[in-house]
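To start, the structure itself, in structure tokens.
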Amino acid sequence: MIVCVAVVGHQNNPLYIQSFTEADDALKLHHIVHCSLDVVDERVNNPKKSGPTLNETFLGLLYPTENYKVYGYLTNTKVKFILVTTDLDVRDVDVRNFFRRFHAAYVDAVSNPFHVPGKKITSRTFAERVSNIVKSFGLSST
Numbered sequence: 001m002i003v004c005v006a007v008v009g010h011q012n013n014p015l016y017i018q019s020f021t022e023a024d025d026a027l028k029l030h031h032i033v034h035c036s037l038d039v040v041d042e043r044v045n046n047p048k049k050s051g052p053t054l055n056e057t058f059l060g061l062l063y064p065t066e067n068y069k070v071y072g073y074l075t076n077t078k079v080k081f082i083l084v085t086t087d088l089d090v091r092d093v094d095v096r097n098f099f100r101r102f103h104a105a106y107v108d109a110v111s112n113p114f115h116v117p118g119k120k121i122t123s124r125t126f127a128e129r130v131s132n133i134v135k136s137f138g139l140s141s142t
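Just so it is clear: in the sequence shown, position 85 is 85 by the numbering used here, and no numbers are missing.
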């Protein structure tokens, strides 16, 4: 089950964070997303150690915790997408497909002429689209 998705700007500023659990877990999930940024930076700055090629946008499993698995994706503009899931047996193919659709929704949201680059994404359309993507993958209980 997907419990949180996040979009983080190239200067590690949060652009969009949505959790799909109770409000009690929201702060914990924000912390997990924030901690994952260190792993993303490490993989981007040390490509030899991390494995993926330079033009690979899918960063794979960033790190597991006791209850969650955290995945990452890096766009060409250095915007980071973070996915937090409770499923311990998620296939990389499914996560890649999720990120591909999530990236398309992000591109549509920031292509809006009224969106200011680098600012939080407040579009209701984007939020609805993200919820639909999460539901379509059958990875959320909402």
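For glycine and all other residues, C-beta sits at the position ideal for the given N, C-alpha and C.
- In this structure, residue 44 lies away from residue 62, with their beta-carbon atoms at least 7 Å apart.
- Around residue 12, the same chain offers 37 as residues with beta carbons nearer than 7 Å, after the five sequence neighbours per side are excluded.
- Excluding five sequence positions before and after residue 7, the CB atoms of its chain that fall closer than 7 Å to its own CB belong to 15, 16, 79, 81, 106 and 121, given in chain order.
- In this structure the region 109-128 does not lie against the region 84-99, because fewer than three pairs of beta carbons, one per stretch, are closer than 8 Å.
- Here residue 84 is near residue 29, since their CB atoms are less than 7 Å apart.
- Under the DSSP assignment, residue 125 falls in the alpha helix (DSSP H) whose first and last residues are 124-136.
- Residue 2 is bridged by DSSP to 85.
- Listed in chain order, the non-local C-beta contacts of residue 19 below 7 Å within the same chain comprise 3, 4, 25, 26 and 29, local neighbours out to five positions each way being set aside.
- Counting along the chain, the unbroken alpha helix (DSSP H) around residue 28 starts and ends at 23-45.
- Across the set 101, 21 and 114, the C-alpha of 101 shows the shortest separation from the C-alpha of residue 136.
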